[in-house]
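The block underneath contains the structure these notes are about, expressed in structure tokens.
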Amino acid sequence: MLQAMKEIRAIGSVCQRITPASFYHVSRPDASLKTTYDSIKDYGSYKNNIFTHRLPESTAEQSPLLVALHSRLSLPKSYSLSTLSQALNLIKFEGLANNFGLNTLGKTLLSYYVSENLLIRYPRLPMPVHNLAIDAYMGVNTLYDIGKSWGIEVDTTTKLEKHLSQEPEFMRYGKLRFLDESAKKSESKEPGVFELTQEELSSVKNDNTYLSREAEAYASAVRSIIGGLYTHEGEEATKSFIHSHILSRKLPLDQMFQFSKPTRELVRLAEKLQFSEPVEIRLIAETGRLSSHAMYVAGAFCGTDKLGEGIGSSLQEAKTRAVVNALMSYYLYSPVSQDGSPVKLPSDNDYKFEGIVGGGDVAI
Amino acid sequence: MPVKGIAKTALSRNGVSSYVLPCHRVVLQYCNWGGSSQGIRDLLKSGQLDTIARQRESVVFEIARRSGHPKLSFKFAHDKSKEVNIANLDKSEIVRKLQDNIQSSGSELFKWNHKVMSSNESVRGIWSPLHVSNENRFKI
Numbered sequence: 001m002l003q004a005m006k007e008i009r010a011i012g013s014v015c016q017r018i019t020p021a022s023f024y025h026v027s028r029p030d031a032s033l034k035t036t037y038d039s040i041k042d043y044g045s046y047k048n049n050i051f052t053h054r055l056p057e058s059t060a061e062q063s064p065l066l067v068a069l070h071s072r073l074s075l076p077k078s079y080s081l082s083t084l085s086q087a088l089n090l091i092k093f094e095g096l097a098n099n100f101g102l103n104t105l106g107k108t109l110l111s112y113y114v115s116e117n118l119l120i121r122y123p124r125l126p127m128p129v130h131n132l133a134i135d136a137y138m139g140v141n142t143l144y145d146i147g148k149s150w151g152i153e154v155d156t157t158t159k160l161e162k163h164l165s166q167e168p169e170f171m172r173y174g175k176l177r178f179l180d181e182s183a184k185k186s187e188s189k190e191p192g193v194f195e196l197t198q199e200e201l202s203s204v205k206n207d208n209t210y211l212s213r214e215a216e217a218y219a220s221a222v223r224s225i226i227g228g229l230y231t232h233e234g235e236e237a238t239k240s241f242i243h244s245h246i247l248s249r250k251l252p253l254d255q256m257f258q259f260s261k262p263t264r265e266l267v268r269l270a271e272k273l274q275f276s277e278p279v280e281i282r283l284i285a286e287t288g289r290l291s292s293h294a295m296y297v298a299g300a301f302c303g304t305d306k307l308g309e310g311i312g313s314s315l316q317e318a319k320t321r322a323v324v325n326a327l328m329s330y331y332l333y334s335p336v337s338q339d340g341s342p343v344k345l346p347s348d349n350d351y352k353f354e355g356i357v358g359g360g361d362v363a364i
Numbered sequence: 001m002p003v004k005g006i007a008k009t010a011l012s013r014n015g016v017s018s019y020v021l022p023c024h025r026v027v028l029q030y031c032n033w034g035g036s037s038q039g040i041r042d043l044l045k046s047g048q049l050d051t052i053a054r055q056r057e058s059v060v061f062e063i064a065r066r067s068g069h070p071k072l073s074f075k076f077a078h079d080k081s082k083e084v085n086i087a088n089l090d091k092s093e094i095v096r097k098l099q100d101n102i103q104s105s106g107s108e109l110f111k112w113n114h115k116v117m118s119s120n121e122s123v124r125g126i127w128s129p130l131h132v133s134n135e136n137r138f139k140i
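Heads up: the protein sequence lines correspond to chains C and E, in order.
According to this note's numbering, the residues represented by the first sequence are 1 to 364, in order.
According to this note's numbering, the residues represented by the second sequence are 1 to 140, in order.
Below, the structure written as structure tokens:
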């Protein structure tokens, strides 16, 4: 016994020497930022010594790409071109300020307005669908698509190529910069063939999809442009920008549900909502069993109330469609205010809560 | 697990509450010597291009001098592009080509043999013979 205790203690001390426990859970500052401080607990004294400067406005004005992008997005006059150029820069070590902060700011604003919109407009959305709906509005793939539609170009040429083609220096300030010199050279020449970087390889999922660095860079640029709008114009302008560019897209919510046991789910839901009568599936109409292509219309009823209806070419299909229709009409409920307009959002002026709070998911 | 989600991306509807011009870059290519570039050389000399570029601030105009027939290349959103041959066209015809294509979406032209093209479902739904009231049904 004593022997074993000693061994454990010995093993413990070895482990401590190799990996101190504090290494695991404490977030450490990024060493590349060369952070210095007087005392580790004095957070006010933290200072990054990496040299960065902002692009002078006079240089940014000479970049036609920046001027055009500014005008294409109809950004306000106060939105400086140097901020726009900063939003397109993801490179940390070139002396120019990058978009790290703007990206974080934009992401926070986006997630606030998108989730506010979904929670108020679709209060009964089940959690898994709600999360995917947020991704559908502001996930990397969607923001990549938006960035592409805004006509943001990627800086893919090396310094040598730029020199040889006598491209003016300020052209690159209007392009999306995320590739370092070595990555630019290894562009694959074969169309449709992509060479993945090490981090892209690690993001490959089971279904063979991955997030390309380009997609992430575009998404980051779009978020940063939104963050930049907040720094120059404030909250109202950012909100209307998000509503007009992000939330104006069509969300195919009706295609985002996958039910495994719909009938059982509907029954559980009815129990939870304390319906007075049991849920029944009834046949409403049919073309006749002996007709060449029989069609059936089934309905999910609770007493005399019809919850949903479905058409199918077999009784089973019609029944399942009716049940799914009933579930969808419950989950996709969207409240309207008394005058028929959509209900107000918490960030609107003189907001008064009008809708409902969803009751949560059911378990089967 | 009661209900699972299926990942989708929200569909873009350019023009619904915000509009971003799909065309973002025009390259005007001309030759300093060839006769087929006479029209575009006239256009460049006249200074009319400055007015057009000022009106279309959201498009980058690039002028390239290369030998061969002159052409206009347009770059659109989502990596679409279009090239228009302007050999032997005069100034006004080139301006018209320029204005026409800047306003284009860059998509291939196609024939649509239906009355409506929409990403929304029909508001009225589809007529169903099974929902007609009993007395109006077709009797065999």
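We treat Cβ as the ideally placed atom computed from N, Cα and C, and that holds for glycine.
Is residue j closer than 8 Å to residue i when the C-beta atoms are compared?
i: I281 of chain C; j: A300 of chain C; result: yes
i: Q150 of chain E; j: V95 of chain E; result: Since the first and last residues shown for chain E are 1 and 140, residue 150 of chain E lies out of range.
i: V343 of chain C; j: I120 of chain C; result: yes
i: L345 of chain C; j: N117 of chain C; result: yes
i: V233 of chain C; j: Y79 of chain C; result: At residue 233 of chain C the sequence reads Glu, which differs from the Val that was named. In contact: E233 of chain C and Y79 of chain C (Cβ atoms closer than 8 Å).
i: V247 of chain C; j: Y112 of chain C; result: Before going on, a small fix: residue 247 of chain C reads as Leu here, not Val. In this structure, Y112 of chain C does not lie closer than 8 Å to L247 of chain C by Cβ.
i: G5 of chain E; j: Q255 of chain C; result: no
i: K80 of chain E; j: G106 of chain E; result: yes
i: A298 of chain C; j: A322 of chain C; result: yes
i: P335 of chain C; j: G355 of chain C; result: yes
i: G174 of chain C; j: L65 of chain C; result: yes
i: L75 of chain C; j: L229 of chain C; result: yes
i: T158 of chain C; j: E181 of chain C; result: yes
i: R223 of chain C; j: G139 of chain C; result: no
i: S46 of chain E; j: K91 of chain E; result: yes
i: L143 of chain C; j: A219 of chain C; result: yes
On the CB-based measure, 16 or more other CB atoms within 10 Å of its CB, does residue i come out buried or exposed?
i: T51 of chain E; result: exposed
i: H130 of chain C; result: buried
i: L130 of chain E; result: exposed
i: S22 of chain C; result: Its pLDDT being 48, under 50, S22 of chain C is placed unreliably by the model, and nothing is read from it.
i: L132 of chain C; result: buried
i: F178 of chain C; result: buried
i: W150 of chain C; result: buried
i: N99 of chain C; result: buried
i: P262 of chain C; result: buried
i: S12 of chain E; result: buried
i: Y122 of chain C; result: buried
i: Q198 of chain C; result: exposed
i: D155 of chain C; result: buried
i: H24 of chain E; result: buried
i: R249 of chain C; result: buried
The alpha helix (DSSP H) with residue i in it runs from where to where?
i: Q38 of chain E; result: 38 to 46
i: E265 of chain C; result: 262 to 272
i: S71 of chain C; result: 64 to 72
i: S244 of chain C; result: 235 to 245
i: S81 of chain E; result: From DSSP, S81 of chain E is part of no alpha helix (DSSP H) but of the beta strand (DSSP E) over 81 to 85.
i: G147 of chain C; result: 140 to 149
i: I102 of chain E; result: 91 to 102
i: A64 of chain E; result: No alpha helix (DSSP H) contains A64 of chain E, which is instead part of the beta strand (DSSP E) from 60 to 65.
i: F100 of chain C; result: 100 to 121
Locate the beta strand (DSSP E) running through residue i, then write down its first and last residues.
i: Q29 of chain E; result: 23 to 30
i: L72 of chain E; result: 71 to 76
i: G369 of chain C; result: Chain C is shown only over 1 to 364; residue 369 of chain C falls outside these bounds and no answer can be derived.
i: A300 of chain C; result: 296 to 302
i: K92 of chain C; result: Segment: none, K92 of chain C is in no beta strand (DSSP E) and carries neither H nor E.
Under 8 Å by Cβ, that's how I've got residue i and residue j pegged, so tell me the actual separation to the nearest angstrom.
i: S85 of chain C; j: A60 of chain C; result: 5 Å
i: V26 of chain E; j: E62 of chain E; result: 7 Å
i: N88 of chain E; j: K71 of chain E; result: Between K71 of chain E and N88 of chain E the Cβ distance is about 12 Å, and since that is not below 8 Å, they are no contact.
i: V362 of chain C; j: E277 of chain C; result: 18 Å between Cβ atoms; not a contact.
i: A221 of chain C; j: A31 of chain C; result: No, A221 of chain C and A31 of chain C are not in contact; Cβ-Cβ is about 26 Å, not under 8 Å.
i: Y296 of chain C; j: L315 of chain C; result: 6 Å
i: L90 of chain C; j: L55 of chain C; result: Actually they are not in contact, since the Cβ atoms of L90 of chain C and L55 of chain C sit about 14 Å apart, beyond 8 Å.
i: I146 of chain C; j: S115 of chain C; result: Actually they are not in contact, since the Cβ atoms of I146 of chain C and S115 of chain C sit about 18 Å apart, beyond 8 Å.
i: S244 of chain C; j: S37 of chain E; result: No, S244 of chain C and S37 of chain E are not in contact; Cβ-Cβ is about 42 Å, not under 8 Å.
i: P168 of chain C; j: V3 of chain E; result: The pair is not a contact, with the Cβ atoms about 55 Å apart (cut-off 8 Å).
**Report entry** the stretch 249 to 267 of chain C: positions lying closer than 7 Å to chain E by Cβ
**Finding:** R249, K250, L251, P252, Q255, M256, F257, Q258, F259, S260, E265
Report task. Could you list the residues in the stretch 112 to 131 of chain E with a C-beta less than 8 Å from some C-beta on chain C, going in chain order? Result -> S119, N120, S128, L130, H131
Query raised in the report: What are the residues of the stretch 49 to 70 of chain E that lie near chain C, defined by any Cβ-Cβ distance shorter than 7 Å?
Result: E57, S58, V59, V60
Query raised in the report: What are the residues of the stretch 79 to 95 of chain E that lie near chain C, defined by any Cβ-Cβ distance shorter than 9 Å?
Result: D79
**Report entry** Residues of the stretch 270 to 296 of chain C with Cβ closer than 8 Å to any Cβ of chain E, in chain order
**Finding:** I284, A285, E286, T287, M295
Query raised in the report: Which residues, taken in chain order from the stretch 60 to 91 of chain C, show a beta carbon closer than 9 Å to some beta carbon of chain E?
Result: P64, L65, V67, A68, L69, H70, S71, R72, L73, S74
**Report entry** Contacting positions in the stretch 147 to 169 of chain C - beta carbon closer than 9 Å to chain E
**Finding:** K148, S149, W150, G151, I152, E153
Requested in this report: Closer than 9 Å, Cβ to Cβ, to anything on chain C: give me those residues from the stretch 1 to 14 of chain E, in chain order.
Outcome: M1, P2, V3, K4, G5, I6, A7, K8, T9, A10, L11, S12, R13, N14
**Report entry** Residues within the stretch 15 to 28 of chain E neighbouring chain C, beta-carbon criterion of under 7 Å
**Finding:** V16, S17, S18, V20, L21, H24
Query - Selection of the stretch 331 to 351 of chain C by Cβ proximity to chain E, strictly under 9 Å - result: Y331
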